[in-house]
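Chains as they are written, first to last, in the working numbering: chain A, 11 to 479; chain B, 788 to 1033.
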Amino acid sequence: MKQKTQVDDIDRERYDFRFDEDPEAMLASGITPEIIEEISEEKGDPEWMRKFRLHALEIFARTEMPNWGPSIAGLDMSNIVTYIRPKSRMNTDWNDVPTEIKETFERLGIPQAERESLAGVGAQYDSELVYHNVRREVAESGVVYTDLESAMHDPRYAEMIRTHFMKIVPPTDHKFAALHGAVWSGGSFVYVPAGVHLEIPLQSYFRLNAKGAGQFEHTLIIVEDDAYLHFIEGCSAPKYYEAGLHAGCVELYVGKRATLRYSTIENWSKNMYNLNTKRAIVEEGGRIEWVSGSFGSHVSYLYPMSILSGKGAHAEFTGITFAGAGQNLDTGAKIVHAAPETTSHMDTKSISKSGGISTFRSAVTVQENAINSKSSVSCESLMLDGLSRSDTIPVMDIRTDQADIGHEAKIGRISDDAVFYLMSRGLDEQRARAMIVSGFADNVSKELPLEYAMEMNNLIRLEMTGTIG
Amino acid sequence: MALLKIDNLSAGIEEKELLHGVTLTVSTGETHVLMGPNGAGKSTLGYTIMGSPEYTVTGGKILFDGEDITEESADQRAKRGIFLSFQNPIEIPGISLSDFLRNALEEQTGTRMKLWDYKKQLKAAMEVLQMDSAYADRDLNVGFSGGEKKKAEILQLLMLKPKLAILDETDSGLDVDAVKTVSAGIAEYRKNCDGALLIITHNTKILESLHVDHTHVIADGKIVAEGGAELVDAINENGYENYVGK
Ligand SMILES: Nc1ncnc2c1ncn2[C@@H]1O[C@H](COP(=O)(O)OP(=O)(O)OP(=O)(O)O)[C@@H](O)[C@H]1O
Ligand SMILES: [Mg+2]
C-alpha cells in the first residue's frame, strides 16, 4: 500500500483550444512608432491619446525590464503582435455574434445563463469587444458600461476618460505599464453615478485567441460617492506555442463612502506571461474589495494596489493563486495607507503543485499622516508535493507608531490523515485531495457569486485530477 | 458466509509490527465488541481493516464478502460497504458537512441525488441524533466539540448505510445524554440496515441497548480472549489483568 504523492498532470483540453487565426488580420510584429501610429489611426484616437501612446512608447523604450521577479527572458518582445483586427465589430445582440466566436465562448461555458442573470456582458475577443450587452435597467439607473474606445469618443465621457486614464498607473510605473500605454486596445469603461447601488454584478470575459498575440485591455471604473458596484472580470486563454503576453491595466476610482467589489478569475494558458497592473484609489469612507483567483500562465506578476487616500477608507484583498508544473506565479497585494483611520485586510492562499512556484508578496505602507490605521495580513500556502515551492515575502513600511499592524503566515502540506479520512468515505485519492484543496481555497470561493465559485472549483479539480465534472 | 474475515493478520509501521496474527470473523447481522487496554492495537486493527496507508500488512489477509481486499485502497473498501467511525475525526476546513456527505454518498452509490431528497434524508438523520441542522453547513468537524464530532460520525453512518460499521470509541468523551443519543443512532442503523457492527469501547453503557454476539479481547496486538456478552461484564469487573503479559 504505497501512497501516491504525485497526481497526474493537467488535461486542459476544455480550456486550451483555439481557432486558426486569420493571418491577414495580423499586422507586422515588433513595436515601432509606425505601429503605434497605425493602431492609433485604426482606432481613430483623439489627438491627446495618439500623443499619449507615442509618449508611452518612448518611456517603454528607455525603461529596463524588471529584474527582481521570475524570469521573463522567454518573452520575445519583437515577436509579439500587439494588435489583431477583430472579426466583428461591436454587437449588442448575442445572435449577431459570429458563430466561430460564439462557439469559443460556448465551449468555455459562458454565455446564456450569465446574460440572463447578470447585468451586462462585455467579452473581449482578440483585441476588441465583440459582445456587449447592458440590460436596460442598468442603463436607466444612469450606469454606463461600455468599451473604452467608444466612451473615449462620446462627448459625455471623453473628458472623464482623459482626466482618469493612466493617472493612477502612469506609463512610468514600469516597463509593461509603458507598453500598455502605447498599445492598449479594448477593455471596459464603467461609470456609476453618485448614490446608485447596482445590485447585480457587471461582468466581462476576456480572452486571447491569436498565436503570439498580446492583449492589452484597459479597464477604467469610476464609482462616485455613496455608490455601489460589483464588477467581475473573468479571463481564459487557449494554448498557443509562441510566447504570449498579457499586459492589461485596471484603474479603479472609488468615491466617498462608495464600495467597489472587483472580482477576478484568471485562467491563462500556460505559455502566457501575465504582467498585469491593477490599482484602486479610495476616498474618505470608501471601500475597495478585491477577490482574486489566479490560475494558469507561465509567469505572472500581479500585485493589485489599493491607495487609501481618504480618512477611514478600507481595502480588502482576498486571493488565491495556483501554480502547477512549469509555472512561476509571483502575486501579491499592495496597500498604501495615506490617510488617518484607514483599514485594510489581506487574506490570501497559494497552492503549488508538480514543481510550480508560487510567491506571495504583501506590501503594506502606512504613511506618517495615517494615524490610527489598522492592517492585518494573513497568508497561507499549501504545497502539494516536495517538488513545489511556496514563498511569502512580507514588506512593511510603517511611518507612524500610531498604527496597528498584524501579519501571519503559514505554510502547509495536505495531511495524509485528512486524505485517508475522506477516502474512508468512498472518495478516491484524487477527489479527496481536490476536495481538500477546494476547501483551502474557500476564502475566495465563498466571496464569489455561486456560478463563479463553481467554475473555480472546477478549475481546481481540473488542475488536481486531469478531468472535469 | 462471513462478511468480514480477518485471517492471521499481521500489520504495523515500518519500525515495528503492531498486530501479530489477528484472526476474527464477523457475519452480517452480528454485533461484535473489541476490547483491550490502551495501546493494545484496537485502533490499528480498525484502520488496517479500513485500508489506512499508514499501516502495512506483513502477513495474513482480510476478506470481505469472500473477496480478498488486503491490497485495496480505502475508497474501494468504503464502496464495498466498510465504514470506520474514527476515534479522532479529522477536521477539513472549507468543506461543509452537508456537501461532503453528499459527495461521499454519490460516490458510493454511483448516482446523483436530488438536492431536495438528500436534504430531507440528512435532516431526518440529524433529528435522530439531536443535531442542530446548522451543523450541516459548518465545515466538516472544524471547531466541533469532541462529542459533536462523534455525533457527526454516526450521522455519516446513518447516511452511508454500510454493511460493516467499525465504531472506534465512538462513546468516549460523550456526556450521559449524548451516549443515549448515539445509542439511538446505532439502533436506527440496526433498524434500517442488515449490517454488522464491530464496536471498540472501554465502556458498557453503549452496549446496554444492543445484543452483543461476540466479544474479542486484544492485548499487545494479539487476540487473547474470546467470548460472548458475558466477557464484557467480566472485564468490567476484573480489568485486563488476566489477559495482559501472558
Ligand atoms: N503510526 C504509528 N506510529 C507509531 N506507533 C504507533 C502508530 N500507530 C499505532 N502505534 C502504536 O501501536 C500501539 C497500538 O495503538 P492503537 O492506537 O491501535 O491502540 P488502541 O488499542 O486503540 O489504544 P486506545 O485504547 O488508547 O485507543 C500503541 O503502542 C501505539 O503507540
Ligand atoms: Mg484507539
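Ideal placement from N, C-alpha and C gives every residue a C-beta, glycine not left out. Note that this is a predicted model, so its numbers are computed, not measured.
Under the three-state reduction of DSSP, L961 of chain B is assigned to coil, being neither helix nor strand. When secondary structure is reduced to three states using DSSP, L158 of chain A falls in the helix class. In this structure, R435 of chain A sits near A865 of chain B, with a CB-CB distance shorter than 8 Å. When C-alpha distances from I82 of chain A are compared across A:Q337, A:F370, A:G365, A:Q225, the shortest belongs to A:Q337. Put simply, the region 831 to 841 of chain B does not touch the region 1015 to 1026 of chain B. Fewer than three CB pairs are less than 8 Å apart.
Look at W300 of chain A here: in three-state DSSP terms it is strand.
DSSP links M918 of chain B through a beta bridge to no other residue. Contact of Q943 of chain B with chain A is assigned, a C-beta pair being separated by under 8 Å.
In the displayed model, T42 of chain A falls within coil according to three-state DSSP, outside both helix and strand. Where R423 of chain A is concerned, the enclosing beta strand (DSSP E) starts and stops at 413 to 423. DSSP lists A:N277 as the bridge partner or partners of F305 of chain A. Within its own chain, the residues whose Cβ lies closer than 7 Å to the Cβ of N286 of chain A, once the five positions on either side in sequence are excluded, are H256, A257, G258, L312, listed in chain order. Legend: CB atoms of the region 417 to 442 of chain A lying less than 8 Å from CB atoms of chain B belong to residues S425, D426, D427, A428, F430, Y431, L432, M433, S434, R435, G436, L437, D438, E439, R441, A442. Shown in chain order are the residues whose CB sits closer than 7 Å to a heavy atom of ligand 2: B:K829, B:S830, B:Q874, B:D955, B:E956, B:I987. With a 10 Å radius around the Cβ and a threshold of 16 neighbouring Cβ atoms, Q377 of chain A comes out buried. Nearest in C-alpha terms to K456 of chain A, of all of B:G881, B:G897, B:L947, B:Y922, is B:G881. Under the criterion of beta carbons closer than 8 Å, F870 of chain B and L791 of chain B do not qualify as touching, at roughly 12 Å. Counting along the chain, N1029 of chain B sits inside no alpha helix (DSSP H), nor does DSSP assign it H or E at all. For the region 884 to 896 of chain B, the set of residues with a beta-carbon nearer than 7 Å to any beta-carbon of chain A comprises N890, A891, E894, Q895, in chain order. In this structure, the beta-carbon distance from A343 of chain A to G329 of chain A falls below 8 Å.
A residue is called buried when at least 16 other Cβ atoms come within 10 angstroms of its Cβ; S425 of chain A does not meet this threshold and is exposed. A heavy atom of ligand 1 is found nearer than 7 Å to the CB of I800 of chain B. For the pair of segments examined, the region 975 to 994 of chain B was found to touch the region 804 to 823 of chain B: the number of CB pairs separated by less than 8 Å reaches three.
Put simply, of B:Y922, B:F931, B:T957, B:L945 the residue whose alpha carbon is nearest the alpha carbon of V915 of chain B is B:L945. Between D164 of chain A and G197 of chain A, the C-beta gap is not smaller than 8 Å, which leaves the two residues out of contact. At a cut-off of 8 Å between beta carbons, F851 of chain B makes no contact with chain A. In this structure, E841 of chain B has its CB closer than 7 Å to one or more heavy atoms of ligand 1. Per DSSP, K1009 of chain B is one residue of the beta strand (DSSP E) stretching across 1009 to 1014. At a Cβ-Cβ threshold of 8 Å, G254 of chain A and Q213 of chain A do not count as neighbours.
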